[in-house]
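>
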Amino acid sequence: MEIQTMKKLEEEAIKKSSTDFIRLGFALFFIIAVLTFSFLSNEGIPNNMFLAVAALIGAYMAMNIGANDVANNVGPAVGSKAMTMTMAIVIAAIFEAAGALIAGGEVVNTIKKGIIDISAFGGNADPFIWAMMAALLAAALWLNFATMMKAPVSTTHSIVGGVMGAGIAAAGFSIVSWSTMGKIAASWVISPVLGGIIAAAFLYAIKKTVLHKEDKVNAAQTWVPVYVAIMSWAFITYLTLKGLKKIWPQVVDVLNLFPLINIEMSNKPTFLTALIMGAIVAIIVYSLVKIKLTSSIQTLENSTQSVNLLFTIPLIFAAALLSFAHGANDVANAIGPLAAINDAVVNGGISSKASIPLWVMGVGALGIALGLGLYGPKLIKTVGSEITELDQIRAFSIAMAASITVIIASQLGLPVSSTHIAIGGVFGVGFLREYLHRNNTTDIIKEDKDIIKDEKNVRSAYKAELINLEKKEQKSKEEYKRIVELYKLVAVEGKLIKSTKKHIKEAKKVEYVKRDAVKMIIAAWIITVPATAVLAGILFYMIRGIML
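For the sequence shown, this note's numbering gives the first residue as 179, with consecutive numbering after it.
So this is what it looks like as structure tokens:
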């Protein structure tokens, strides 16, 4: 038996190591292909080998973004069983790449969010290139480590910490914009709290208006179209503001071809325009969902599971739109240092802004898709099932929080992280379930305490009768029988009291959010910026030592 068990373990280990080797092979092939392409396509440019190495690091960074950051977009949908792992990876890979290539930022601040003052480099391109390379590599290494530890962290914060640390190593602490860093630190609290509150609010609303009703089918027919329409409004508004900035003039040209639509030409969409577009789509979606539910109402069972299934298709659309917006908004920023290095090498100078060449955007898009496919499942499982148990309605609430929080924060000028919002939403729905459970069990616990009180009184009466009988010197046969019976009754009452106390203890201890996962993730968030900053500083000195 033990030999068979050992053989099975050995087979599993060989299978796992073989899979890991294949993954590594694909990753190395992509990185080497990017290195070769960059070197050959920039032949004749001074320092083209340096640019090729930077492209290699950029490809490594892109794969780590795919492995870590993208999990937040599809993790809840997978955890709720709305999508399979394979389906999620395919959809996310396609829409992330499409977002980066179609609507990715045409021009990006090479120094993310104005973290450092590039004038401190005195126009010297070499230390600037070394600093950007150190920042990119530090962020990539940190994301790789976080993925191994199953900790979803912010790509933005990783690159911010890298740029800050490399900048300090290159030109001292005065180079850093500490007010900007203060805002970024504030986002550690703002993002998850806002995401958690909004996700919990939507889950509570759905429970009150649908799940807690006796006739769930009728309630679903009334309210599900409303919630799906709100989701449509939020996502179209979010996508317009965050995902269509680059191609907005072309979008305006197409929209103005339709009668009754006249949008003024502008470089980017206004908040009001985004709201109106979202409202138009929301009305259309409301009508379609209402018609669909009316035609299929007879087939629905009066159960929570039946209502849950109604949110499956909206969740798939949500995952796709979140991935597209992420690809358009965050990916370009993440590969900003590579664009900065490319600009500095090609033009021989430092610019506060640099256009992102198509090949750099391609590295980002393909790298993310590959990283997601090879190493994404680990983080998708963590976000989807290892923090709290999710179903379609809870995952829907998290997706709503992700879009609405970004809209609110962008209009208020608050710095937020999409990663922290999504994870905050997972925390929010989990802690709401705990709160509602404890409220629901308050009456049960009170009843249990009353039962314990009554049982203790009964046991005391039995004990008193038992003591009186045992004090008697002369006992009849019936009294001996009664003594034996009383001992049994006292024991039974004791067991009832013990089991009731255990029930109360268990009711109080129920946790719907795994505390160890929460602690690990929050710790990873807090140390992301300082960890990448220190690592980038060390890498800068190493690169400078090699080059000088």
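Backbone N, C-alpha and C define an ideal beta-carbon position, used for all residues, glycine too.
Where in the region 213 to 281 do unbroken runs of the alpha helix (DSSP H), each at least 4 residues long, occur, reported from the N-terminal end onward?
226 to 246, 249 to 257, 263 to 281
> Mind pulling the beta strand (DSSP E) runs of 3 or more residues that sit fully within the region 466 to 536?
531 to 533
> Tell me whether V354 sits in a helix, a strand or coil according to DSSP, three-state version.
In this structure, V354 counts as strand in the three-state DSSP scheme.
> Once you ignore the five residues that flank A714 on each side, which residues in its own chain have a CB closer than 6 Å to its CB?
A312, A313, A316, G340, G343, A344
> Would you kindly work out how many angstroms separate the C-alpha atoms of M409 and A701, rounded to a whole number?
31 Å
> Check whether the Cβ atoms of L516 and A232 lie closer than 9 Å to each other.
yes
> Is it right to say R572 is buried, meaning 16 or more other beta carbons lie within 10 angstroms of its own, or is it exposed?
buried
> Using three-state DSSP, classify I294 as helix, strand or coil.
strand
> Quick one: Cα of F609 to Cα of K627, how far?
26 Å
> With 16 other CB atoms within 10 Å as the buried threshold, where does V331 fall?
buried
> Can you tell which of V406, M455, L213 has its C-alpha closest to the C-alpha of V430?
M455
> Can you give me the Cβ contacts of P555 inside the same chain, cut-off strictly under 8 Å, excluding the 5 residues immediately before and after it?
Same-chain partners within the cutoff: M263, I267.
> Based on Cα-Cα distance, which residue from I307, R660, N322, A298 lies nearest to S355?
A298
> Helix, strand or coil for Y464? Go by DSSP, reduced to three states.
helix
> Taking C-beta to C-beta, are G374 and G222 nearer than 9 Å?
No, the pair does not count as a contact, with Cβ atoms beyond the cut-off.
> Give me, in chain order, the residues of the same chain whose beta-carbon lies closer than 7 Å to that of R660; leave out the 5 immediate sequence neighbours on both sides.
Around R660: L647.
> Taking the alpha-carbon positions, what's the L664 to K655 distance?
In a straight line, the C-alpha of L664 is about 14 Å away from that of K655.
> Comparing alpha-carbon positions, which option in K680, I307, Y553, I599 lies nearest T583?
Considering only alpha carbons, the answer is I599.
> Consult DSSP for M327 and reduce its assignment to one of helix, strand or coil.
coil
> What do you get for T706, buried or exposed, if any count of 16 or more other CB atoms within 10 angstroms of its CB means buried?
Within a 10 Å sphere around the beta-carbon of T706 sit 16 or more other beta-carbons, which makes this residue buried.
> Can you name, in chain order, every residue of its own chain whose Cβ lies under 8 Å from the Cβ of G540, other than the five neighbours on each side?
L279
> Does the contact criterion of 3 or more C-beta pairs under 8 Å hold for the region 558 to 578 versus the region 251 to 258?
yes
> For Y238 and K470, what's the separation of their Cα atoms in angstroms?
45 Å
> Nearest-angstrom Cα distance between V252 and L557?
10 Å
> Report buried or exposed for I513, applying the criterion of at least 16 other Cβ atoms within 10 angstroms of its Cβ.
buried
> From this set, L234, A271, A457, which residue's C-alpha is nearest Y553's C-alpha?
A271
> Closest by CA to G747, which one among F207, F306, K666?
Nothing in the structure corresponds to residue 747, since the chain is present only between 179 and 726.
> Using the three-state DSSP reduction, which class does P403 fall into: helix, strand or coil?
helix
> So, at 8 Å on beta carbons, what are the nonlocal neighbours of I565 in its own chain, with the 5 sequence-adjacent residues on each side left out?
Cβ within range, chain order: I601, V604, F605, G608, V691, K692, A695, V696, I699.
> Quick check on the burial criterion: 16 or more other C-beta atoms within 10 angstroms. Buried or exposed for S477?
Checking the sequence shown, residue 477 turns out to be Thr, not Ser. Exposed.
> Please identify the residue among E633, S595, F207 whose C-alpha is closest to the C-alpha of I675.
E633
> Helix, strand or coil for N617 per DSSP?
helix
> Return helix, strand or coil for T288, following the three-state DSSP convention.
Because T288 carries a pLDDT of 46, less than 50, the predicted location of this residue cannot be relied on, and no value is offered for it.
> From S704 to G545, what does the alpha carbon distance come to, in whole angstroms?
With the sequence shown as reference, residue 704 is identified as Ile, and Ser is not the correct amino acid for it. Their backbone Cα atoms lie some 27 Å apart in a straight line.
> Should N486 go down as buried or exposed, given a rule of 16 or more other Cβ atoms within 10 Å for buried?
buried
> How many whole angstroms separate the CB atoms of S501 and G244, which I take to be in contact at a CB cut-off of 8 Å?
The Cβ separation is near 11 Å, so there is no contact.
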